[in-house]
Amino acid sequence: MSNLTLIEDGLRTAFIDHQQYSELDYRPQFITNDYREGKKVISTIEQELMHCDEFQISVAFITEGGITPLLQTLKELEARGVKGQILTTDYLCFSEPKALRKLNDLSNVEVKMYVTGDNGAGFHTKGYMFHDDEIYKIIVGSSNLTIAALTVNKEWNIKVVSTESGAYAKEMKDEFNHLWDDAYNLDEWIETYTLMYERQKAISRQAEAIELAAYKLEPNEMQVSFVNNLNKLIEDGQKRALLISATGTGKTYASAFAMRDSILQPRRVLFMVHREEIARQALKSYRRIFGDTRTYGMLTGSEKDYDADLIFATVNTLYQEETLHKFDRDTFDAIVVDEVHRAGAEGGMHQTIISYFEPKLYLGMTASPERPDHFDIFAYFDHNIAYEIRLNQALEGNMLCPFHYFGITDLEVNGKTISDTTEFNYLVLDNRVDHINEKIKYYGYSGDRVKGLIFCSRNAEAAELSRKFNARGYRTVDLSGVDNQAAREDAIKRLTGPDDENALDYIFTVDIFNEGVDIPEINQVVMLRPTQSPIVFVQQLGRGLRKFKDKEYVVVLDFIGNYSNNFMIPIALSGDRSYNKDNMRRYVSSGSRVIPGNSSIHFDEITRKRIYESIDSARTNSMEILKESYKNLKYRLGHIPSMSDFEEYGSVDVMKIINAKGSYYSFLRQYESDYSIRISEESEKMLNLISNEFASGKRLYELLCIKSVIDGEDYPLKAIAGCDISEEDKDSVVRNLCNAFYQDTARANWPCAI
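According to the working numbering, numbering within the sequence shown proceeds without interruption in unit steps and concludes at 811.
Shown next, in the form of C-alpha cells:
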C-alpha cells in the first residue's frame, strides 16, 4: 500500500469517521500527557526520532531536564549519522545554557538561537518535524523541551503526516528555514546568552522588585554586545572607543553598564554633556544602575561638586579654566562624552577638555557621527567602533517604540502651496492652523492623552502657532534657544506629568529637542518644516521612539509642502544612503512592506507625487553629495575606501561617482590629496570604458574576459566558456571588447579594448 493511500486512510479516520480502520502511524493524533492511559509527549517524540532519517525542532524553551530522557536516543542517532537541527531562542532567558551546550556537542546536531532581544517579539514555536523516507511526521502544539512539558503538564499537541510535497509540510519547513537563517549559531551567541541567563537568574532570585532596587537593572541585547566589544578593545590596549546608537536605543544606560561591567571597573567617572537637563537625566539613569554603591555629583552653572565618584558635567562649565584645573589630569578612570559629534564645533571646548584629561578610557557616544562640518569623529576615537546600531536595526530588534508615519499634504493658502520660501504670515494663517488641528485629531496618539512635540521652521512661527492653538483650547508653549534651563525643564514636566490644570498637550519648537533630551512619554511628533537633512529628520523622529509603559506606538505627522529636499524623506526613513533614485521611489511606494518591526509608512496621493517630483529633480549625483559621502566613508574606515566599501557600508552608490567623473580613479585623482597613483591617459580611457560600460553589474561577461587578460590568458573568451551564454551574447561581448559596438562618434572617446 502506498504512503499516499495510508495518509488518506488516516485522514478519514481522524477527521471523518473514527471507526474506519487506518494504520496508527499514518493517522493524525492528539498528543498529550496522561500516564493513566500510557500517553506521554516524550514517548511520541522518542519514537519518531528513532524512525526518522532527519529531524528539525523549534521550541522556545530547552532545559537539561527536558533533554536528559532523550540523550540515549540522540546518541544512537549520532552513531547512525541521523542529522538534526534544533532552534531555540533567548526569549525570557529561560533555556538553560548547559542543556544547549550538551545538544551542541553532538556531532549530528546543530543548534541555533533566535535572538529576540530585550523585550523583543515573543518566540513561542513548539514544533517537531521528522523526515522518514518520503514523508514528514510533524508534531505542533504547546510542548517545549522541558521535562514537565514532555511528561506531566496538560499539553495539547497534534501529530500529522504529510508527503514532502504537501502544503502543510512545505510551509512549515519554509518557515523553519527562514527562522533558522535569521538565527545565530550557538557557538556565536552562547557566551553572550549565558551572561544574560545568569543575570536573569540572579534577578529572579531577588525578593525585591526592580523598581525598589534600581541598580539591578540589566542590559539588553545591544548593551551586552556593546560591553563585550568594549572589553575586547580595552584588552587590546585601546583607550578610545565610539558607540554609535540610534536615538532611543539606550546609549546612556549602555554607558552606565559599561562603567559597571567592563573589565576596566572605573571608580571615578566623568560624564560630559552639552545641556544641564541632559546631565540630570544621565545622573538618574546611572543611579538606577549603580544604586547607592557610588556617590553622585553635578558640575553645572548652578551646582559644583568636585569630589563625587560619578560627576555629570556640562561642557560649558567644565571648560572654564578655574573649573577644569581643579582636577588632576588622571583624576578620572573613564570619561564619557555624550553627543560627541559636537566635538568638532567652533570654539573647541570639547577638544580642550578631552586633550587635558588622561583617563584610561574615553567613550564617545552619538547617533549621527557623519557631520556636515567634516569633523572626523572616527579618527578622533582611533576608528574604534565598539558598537553600532542604526534606526532600522533598532526597529528590527524591537528596541524602539513602533511608529506610524503619515506624509500629509500641507495646505494651499491663497493658491500658494507651502514651500521653502513661504512667507511667515502664510505659515500661521488660521486656515493652516485648522488644517493641522484636523489632522492631529484624526490620526491621534497612543495613550490616555496627547503628549506631543511640534517642530517648526522658525521661532516666530512656533510662538504664533502656540498662541493660536491655545485659542482653540489646547495647552501649549513654545520653546527656543533663548529659553533658559528652568523654562525647558518646567515645560517637559508639564507635558509628561499628570493631566491637571498645569498640564501641556504640545511643545512647539524649532531645533532644541533634536537630540539628547529623553522624553519617552512623547506619543505624537508633528513636523511642520522641510526636511533639512536625513540626520535632522531621524533626530526629530527619534523624540517619540523611546518605549514607555502604556505607549504602544507613536504617531508621526509630516506636513509636506513643495520642498526641494522632499527626496530626503525616503532616505531618512529607509536609512539607505546610496542616493539611488529607484530605491527612493520604491520606498515611497512600499515603505510599510519593507520597514522592520511593527512600524508603518503612509503617504497620501499628493505628497507621494511631490516626493516623486523632488526625486526626479534632485541632483543626487552632485559633487557636493558625492564628496560628502566619500569623506564620511573615509572617516569611518580611516583610509581611502575601495569601490566595494561603498556597498558594504551603505554609502552612496559608487556608480554615481563613476557617472560623474568617468571612473573612481578619476574622482580620487581630482579630489583625494592622499591618492598618489597615476596612470597614462590611454589607460585612464580604458578604465573609464570599463567603469561606465561594464562595472554597473548588468552583465559580467566582459569583466570576466578582462580579468582573464590581466591573468595572462591567451584566449579571453575562455573565461566564459563554462557560462550559460548564447552565441548571440558571446558575439556581443566580442564587439564590446573590440570597441566595435559603438557609433563612430562615441568610439572616438574609447580606446580599442581587447
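Think of the CB as a built atom: it goes at the ideal place given N, C-alpha and C, for glycine as much as any other residue.
Backbone secondary structure at E133 - three-state DSSP
On the sequence shown, residue 133 is found 76 positions in, with the first residue counted as 1. Helix, per DSSP.
Give every residue of the same chain whose Cβ lies closer than 8 Å to the Cβ of K606, excluding the five residues on either side of it in the sequence, and list them in chain order.
Taking the sequence shown and counting its residues from 1, the one referred to as residue 606 is at position 549. Closer than 8 Å at Cβ, skipping near neighbours: no residue.
Any 3 or more C-beta pairs closer than 8 Å across the segment 722–742 and the segment 669–678
Inter-segment contact for the segment 722–742 and the segment 669–678 is absent: fewer than three beta-carbon pairs are separated by less than 8 Å.
For P555, tell me which candidate among G504, T146, T203 and S476 has the shortest Cα-Cα distance.
Along the sequence shown, read from residue 1 onward, the residue named residue 555 stands at position 498. The candidate whose alpha carbon is nearest that of P555 is G504.
Using DSSP with H/G/I as helix, E/B as strand and the rest coil, what is D467?
On the sequence shown, residue 467 is found 410 positions in, with the first residue counted as 1. Coil, per DSSP.
If I measure Cβ to Cβ from I628 and keep anything under 6 Å in the same chain, skipping five residues before and after, which residues do I get?
The sequence position of residue 628 within the sequence shown is 571, counting from 1. These residues qualify, in order along the chain: P591.
Kindly identify the DSSP beta-bridge partner or partners of R325.
As a working note, residue 325 is residue 268 in the sequence shown. Its beta-bridge partners do not exist; DSSP assigns none.
Among G454, F328, S514 and L81, which has the Cα closest to the Cα of D477?
For the purposes of this step, residue 477 is taken as residue 420 along the sequence shown, with counting starting at 1. Selected option, being the one with the closest Cα: S514.
Locate the alpha helix (DSSP H) running through I411, then write down its first and last residues.
Counting from one through the sequence shown, the residue named residue 411 turns up at place 354. Unbroken alpha helix (DSSP H) run through I411: M406 to Y413.
Counting Cβ pairs, one atom from each stretch, are 3 or more of them under 8 Å apart for the segment 189–202 and the segment 213–229?
yes
E121 - containing alpha helix (DSSP H), residue span:
Here residue 121 refers to the residue found at position 64 of the sequence shown. E121 -> alpha helix (DSSP H) spans E121 to I124.
K823: which of K688, V326 and S679 sits nearest, CA to CA?
Past the boundaries of the shown model lies residue 823; the chain is included only from 58 to 811, so the question cannot be answered.
Look at the alpha carbon of E105 and the alpha carbon of Q113, and state the distance between them as a whole number of angstroms.
Position 48 of the sequence shown, counted from the start, is the residue given in the question as residue 105. Position 56 of the sequence shown, counted from the start, is the residue given in the question as residue 113. Each residue's alpha carbon lies about 12 Å from the other.
Compute the beta-carbon to beta-carbon distance between Q280 and Y310, rounded to the nearest angstrom, for a pair I have assumed lies under 8 Å.
Taking the sequence shown and counting its residues from 1, the one referred to as residue 280 is at position 223. Taking the sequence shown and counting its residues from 1, the one referred to as residue 310 is at position 253. About 6 Å separates the two Cβ atoms, so the contact holds.
Bridge partners of A820, per DSSP?
The question about residue 820 has no answer here: the residues shown for the chain are numbered 58 through 811.
Under DSSP, the beta strand (DSSP E) around T304 begins and ends at which residues?
Sequence index remark: in the sequence shown, residue 304 carries index 247 (1-based). Membership of T304 in any beta strand (DSSP E) is not indicated, and neither H nor E is assigned to it by DSSP.
Enumerate, from N- to C-terminal direction, the unbroken beta strand (DSSP E) stretches of 3 or more residues contained entirely within the segment 538–570.
563–566
The beta strand (DSSP E) enclosing H188, as first and last residue numbers
Reading the sequence shown from its first residue, position 131 is the one you call residue 188. Segment K183 to D189, the beta strand (DSSP E) holding H188.
For D364, the nearest candidate out of V326, N242, M743 and D231 (CA to CA)
Residue numbering aside, residue 364 sits at position 307 when the sequence shown is read from its first letter. The shortest Cα separation from D364 among V326, N242, M743 and D231 belongs to V326.
Beta-carbon proximity of L321 to K417, cut-off 8 Å:
Looking up residue 321 in the sequence shown gives position 264. Looking up residue 417 in the sequence shown gives position 360. A contact, by the Cβ cut-off of 8 Å.
Runs of 4 residues minimum, wholly inside the segment 657–710: which ones carry the alpha helix (DSSP H) assignment?
As far as the segment 657–710 is concerned, its whole alpha helix (DSSP H) runs of at least 4 residues are 662–674, 680–694 and 700–705.
Got a sec? Which residues, its chain only, sit under 6 Å from K383 by beta carbon, not counting five neighbours each side?
What you label residue 383 is simply residue 326 of the sequence shown in a count that begins at 1. The answer, listed in chain order, is Y363.
Within the segment 88–118, ranges of the alpha helix (DSSP H) (whole runs, at least 4 residues):
98–107
Could you check how far apart the C-beta atoms of S115 and F233 are, in whole angstroms? I think they sit under 8 Å.
For the purposes of this step, residue 115 is taken as residue 58 along the sequence shown, with counting starting at 1. For the purposes of this step, residue 233 is taken as residue 176 along the sequence shown, with counting starting at 1. With 8 Å as the limit, S115 and F233 qualify as a contact, their Cβ atoms being about 6 Å apart.
DSSP three-state call for F460: helix, strand or coil?
Within the sequence shown, the letter at position 403 stands for residue 460. Here F460 sits in strand by DSSP.
Since V490 is in the alpha helix (DSSP H), which residue starts that stretch and which ends it?
Residue 490 sits at position 433 when you count from the first residue of the sequence shown. Per DSSP, V490 belongs to the alpha helix (DSSP H) from D487 to Y500.
Considering only their Cβ atoms, is the gap separating S635 from I446 smaller than 8 Å?
For the purposes of this step, residue 446 is identified with residue 389 of the sequence shown, where counting begins at 1. For the purposes of this step, residue 635 is identified with residue 578 of the sequence shown, where counting begins at 1. In this structure, S635 does not lie closer than 8 Å to I446 by Cβ.
Express the C-alpha separation of D562 and E518 in angstroms, rounding to a whole number.
Taking the sequence shown and counting its residues from 1, the one referred to as residue 518 is at position 461. Taking the sequence shown and counting its residues from 1, the one referred to as residue 562 is at position 505. The alpha-carbon atoms of E518 and D562 are separated by roughly 18 Å.
Please classify L269: is it buried, with 16 or more other beta-carbons within 10 angstroms of its beta-carbon, or exposed?
The sequence position of residue 269 within the sequence shown is 212, counting from 1. Residue confidence is low: L269 scores 39 on pLDDT, short of 50, so the model does not pin down where it sits. No coordinate-derived value is stated.
So if DSSP puts E167 in a beta bridge, which residue, or which two residues, is it bridged to?
Counted from its first residue, the sequence shown places residue 167 at position 110. According to DSSP, which records beta bridges pairwise, E167 is partnered with Q142.
When DSSP labels each residue in this structure, what does E578 get in the three-state scheme?
Residue numbering aside, residue 578 sits at position 521 when the sequence shown is read from its first letter. Coil, per DSSP.
Bridge partners for N242 per DSSP, in chain order?
Reading the sequence shown from its first residue, position 185 is the one you call residue 242. In DSSP, N242 forms a bridge with K169.
In chain order, what residues of the same chain have a beta carbon less than 7 Å from the beta carbon of D147, not counting five sequence neighbours either side?
Mapped onto the sequence shown, residue 147 falls at position 90. So the list reads M170, V172, T173, Y250 and M253, once near-sequence residues are dropped.
Could you give the distance in angstroms between the alpha-carbon of R332 and the alpha-carbon of K159?
What you label residue 332 is simply residue 275 of the sequence shown in a count that begins at 1. What you label residue 159 is simply residue 102 of the sequence shown in a count that begins at 1. Distance between the alpha carbons of R332 and K159: 52 Å.
Rank C458, H235, E65 and R756 by C-alpha distance to the C-alpha of R600 and give the top, closest one.
If you number the sequence shown from 1, residue 600 lands on position 543. Closest option to R600, Cα to Cα, is C458.
Decide if the segment 197–206 is in contact with the segment 121–129; the criterion is three or more beta carbon pairs, one per stretch, under 8 Å apart.
yes
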